[in-house]
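Numbers 1 to 585, taken from my numbering, label the letters of the sequence shown in order.
All residues carry an ideal CB built from backbone N, CA and C; glycine is no exception.
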Amino acid sequence: MVNDRLVHVLESRNLLSNVLCGFRKDHSTLDHLGLRIALGAFRTSLIKSLYAEAGEPSLDDRRMKLAFNYVLKLKSLPRNPCHDVVFEAPLSDFSAVTKSEPNLVANTFEHFKNANISLNNIDNLHVQCPPSTPPWEEHNITVDISLTKQNKENTSEVAYQKEFFRIKEKFSDHYALFTDGSKREEKVAAAAYFPEHPDRSKSTRLRDGASVFSAELEGIALPLTEIKKKLTKYHKNFVIYSDSLSALQAIQSKNFKVIDISIRRLYNLIRKFPRYVHISFVWIPAHVGIRGNENVDKLAKAALNRTSTSGKLICYSDLKPKINTYIKSVWQRDWDAEGANKLHEVLPNLGEDLHRRGGGAGRKRETAKCRLRVGHTWLTQSYLLKNEEQPFCYACDSLYTVQHILIECLDFQDTRRKYFSVTDLYRLFRETIYSGGHTYERGVGILFDVTTAKSLGSWCPISDRVVVAKLVAKPLSLGIIQVYAPTSDIEDVEVEKFYEEIEKAKGYLKSQDIIIVMGDFNAKVGDERVEDVVGPSGIGTVNERGNRLIEWCQVNDLSSQILGFKTTLGDSGLGRAPEIEVETK
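The following block contains the structure:
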């Protein structure tokens with residue numbers, strides 16, 4: 001809430017940056033204090049470390065973003081009184097005057113140049129009053145998004161195809177069209193496919209930097225133009241199928257305050273249609289085998305390879321992601337210059353959310369981890385507050401630092417080996433996750449290599465038998481649940497509690513995540529095949545715990561798998577287990 005209010009104040013006073021030095025200093029201090037409280041950081045922690053640890057850009061960076069957005073929007077409003085003052089006056093008028101700090105306009109133009117953003121590609125927003133009769137009442141236009149009621153994760157392609165044919169039958173007297181937009185890196189394209197007349201299909205490449213939303217709307221505008229020119233002579237009813245839910249919702253919203261230029265173009269096209277024309281917009285899911293949607297998707301992707309683009313300018317809002325990327329790069333560049341910062345070794349790349357990992361650990365533990373990462377604790381930095389000399393490790397003849405205590409000090413070498421074996425702070429805060437609590441008795445854990453650890457998004461200890469971790473990946477993230485089931489001498493009540501804890505762990509993951517549950521289930525599934533659960537590699541006779549595991553796998557649509565080991569294998573439960581401690585393949 002405090003952060004939102006600070007941003008609101010920045011917006012309202014951004015243009016007065018040259019006369020508000022005191023104001024800026026006071027609010028920066030307030031921002032720093034808020035971060036220290038939220039993170040639990042030690043009082044001596046460096047300000048840049050606070051921003052990096054919290055993943056929050058500084059007020060100066062947020063001020064830069066507000067200036068970017070203001071200039072972009074102002075460029076698209078030529079009738080605004082400030083437009084000519086900013087864009088028509090020579091830049092020297094702003095930069096030549098000596099002031100306490102650079103002028104907002106001169107500063108922002110320099111950043112636009114560095115970000116490789118051209119203001120000449122921005123289309124104008126012609127502000128106008130809506131007509132007395134809105135277009136959704138002047139013309140027969142409907143939007144059907146009924147297929148969104150189906151859960152895509154639980155609905156098969158065949159089921160979607162059946163639903164599509166049902167809707168298609170409903171619009172059997174309509175002339176059908178399919179539209180789509182596509183984006184690859186900076187290239188953007190749109191297409192419209194006419195199933196009854198494929199030769200009339202259209203595609204176009206938009207200017208680089210346009211958003212997918214603009215591409216989808218441009219794809220809808222393409223057939224509207226064709227309908228108005230030719231098809232209304234032979235047809236009265238049309239249905240346009242699109243896989244862009246956001247585009248159809250924008251059309252359905254009937255909100256004239258929408259400032260997207262592509263939406264206004266659609267409204268203007270619709271107004272010019274004859275009154276007898278009826279157009280229905282229908283949402284369909286993408287990539288489920290609907291032929292028209294697959295064809296238009298190919299057209300849009302093929303248009304990405306064109307060398308020429310349409311002459312249409314782009315909406316200023318399409319450039320906002322590029323602004324965010326630039327501001328983050330500036331922040332990262334400044335952070336790279338902080339090589340001596342203690343947190344830099346732990347967090348070299350900004351945006352990695354180390355603070356929220358292990359969200360169930362509690363405030364006290366998270367505060368301790370934050371102070372260790374930042375490198376400022378009472379033990380190592382309190383001498384600054386007491387006006388004393390920095391403490392010294394007499395055993396190693398070195399200064400007392402977090403790095404020295406956790407990684408280097410010979411006095412703690414034996415103790416250190418009990419809990420971790422890494423040799424640097426970067427890996428210490430990434431490679432090992434553990435659910436055993438402060439005593440480090442019992443519990444389960446997962447070890448990651450350095451490369452995989454970079455993808456670790458979050459993790460949470462559920463109990464001393466279950467821990468869950470999420471690896472962020474594309475197109476789908478990976479959820480890993482590490483378990484250790486109760487042994488055969490434990491009562492069944494504990495077994496049921498164990499499976500309830502696994503279900504709780506699944507609740508921390510999204511339905512579309514790929515889920516892997518691994519560990520020791522202390523169960524034998526036997527050598528008898530069970531469809532989709534037990535394959536031909538099971539061993540021995542199934543026991544009671546094995547039946548419970550098979551039942552759980554069937555309910556959750558999971559199958560059992562056997563791990564391979566690099567040594568001689570002995571008899572075991574799910575499959576085979578090593579006789580000695582070995583490395584898993």
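Please classify Ile-220: does DSSP put it in a helix, a strand, or coil?
helix
Taking the alpha-carbon of Arg-184 as reference, which of Val-374, Ile-270 and Ala-215 has the nearest alpha-carbon?
Ala-215
DSSP state of Asp-520 mapped onto helix, strand, coil
strand
Quick one: grab the DSSP three-state call for Pro-81.
helix
DSSP three-state assignment for His-628, whether helix, strand or coil:
As displayed, the chain neither begins before 1 nor continues past 585, which places residue 628 out of reach and without an answer.
When you compare only the Cα positions, how much space is there between Leu-379 and Asn-341?
18 angstroms
Going by the CB atoms, is the gap between Asp-180 and Ala-300 shorter than 8 angstroms?
One thing to note: Ala-300 has its Cβ within 8 angstroms of the Cβ of Asp-180.
Nearest-angstrom Cα distance between Ser-280 and Ile-314?
26 angstroms
Among the candidates Leu-406, Cys-393, Pro-81 and Gln-390, whose CA atom is the shortest distance from the CA of Arg-373?
Leu-406
So within the stretch 154-190, which uninterrupted alpha helix (DSSP H) runs reach at least 4 residues, ignoring any that extend past its ends?
157-170
Meets three-Cβ-pair contact criterion under 8 angstroms: the stretch 343-351 and the stretch 221-241:
Not touching, per the Cβ criterion.
Using a threshold of 8 angstroms, state whether the C-beta atoms of Gly-546 and Gly-526 are closer than that.
yes
Indicate the three-state DSSP secondary structure (helix, strand or coil) for Tyr-434 in the structure shown.
Strand.
Along the chain, where does the beta strand (DSSP E) that runs through Asp-588 open and close?
Look at the range of the chain in this structure, 1 to 585, and you will see that residue 588 is not part of it.
Is DSSP giving Cys-21 helix, strand or coil here?
Note that Cys-21 scores 48 on pLDDT, short of 50, meaning its location in the model is unreliable; the coordinates nonetheless yield the value given after this. Helix, per DSSP.
What are the partner residues of Arg-205, as DSSP defines its beta bridges?
Ala-189
By Cβ distance below 8 angstroms, which residues in the same chain neighbour Pro-486 in space, the five residues on each side in sequence not counted?
Scanning its chain for C-beta atoms nearer than 8 angstroms, with the 5 sequence neighbours on each side dropped, one finds around Pro-486 the residues Arg-465, Glu-494, Val-495, Phe-498 and Asn-522, in chain order.
Flag this pair as yes or no: are the beta carbons of Ala-176 and Gly-219 separated by less than 8 angstroms?
It is not a contact, given that the beta carbons lie outside the stated cut-off.
Buried/exposed call for Gly-292, threshold 16 Cβ in 10 Å:
buried
Can you have a look at Cys-82 and say buried or exposed, based on whether 16 or more other CB atoms are within 10 angstroms of its CB?
exposed
Taking Pro-478 as the reference, which of Ile-462, Thr-452, Lys-454 and Asp-513 has the closest Cα?
Per the sequence shown, the amino acid found at residue 478 is Leu instead of Pro. Checking every option, the nearest Cα to that of Leu-478 belongs to Asp-513.
Measure the C-alpha to C-alpha separation of Leu-304 and Leu-471 and round it to an integer number of angstroms.
31 angstroms
How would you write the range of the alpha helix (DSSP H) that Ile-47 sits in, first residue to last?
47-54
Give me the residue from Glu-226, Pro-223, Ser-182 and Asp-449 with the minimum Cα distance to Arg-205.
Ser-182
From Lys-272 to Lys-170, what does the alpha carbon distance come to, in whole angstroms?
27 angstroms
Is Pro-321 helix, strand or coil by DSSP?
helix
Figure out for me which residue from Gln-390, His-404 and Ile-145 has the closest Cα to the Cα of Cys-396.
His-404
Quick check: what's the CA-CA separation for Ala-221 versus Ser-246?
15 angstroms
Can you tell which of Ile-481, Asp-489, Val-530 and Glu-528 has the C-alpha that lies nearest to the C-alpha of Lys-506?
Its Cα nearest to that of Lys-506, the residue Ile-481 stands out among Ile-481, Asp-489, Val-530 and Glu-528.
Is Ser-58 closer than 8 angstroms to Leu-343 when the C-beta atoms are compared?
no
Would you list the residues sitting across from Phe-238 in a DSSP beta bridge?
Tyr-175 and Ile-279
For the candidate residues Asn-140, Phe-112 and Val-296, whose alpha-carbon lies nearest to that of His-278?
Asn-140
When burial is assigned at 16 or more other CB atoms within 10 Å of the CB, is Ser-463 buried or exposed?
buried
For a test of the three-state rule: what should DSSP assign to Ile-446, helix, strand or coil?
Here Ile-446 sits in strand by DSSP.
Could you give the first and the last residue of the continuous alpha helix (DSSP H) run that contains Gly-292?
291-303
If you drop the 5 nearest sequence neighbours on each side, which residues of the same chain put their C-beta closer than 6 angstroms to that of Gly-22?
For Gly-22, the predicted model reports a pLDDT of 46, less than 50, meaning its position is unreliable; a value from the coordinates is still stated below. Same-chain partners within the cutoff: there are none.
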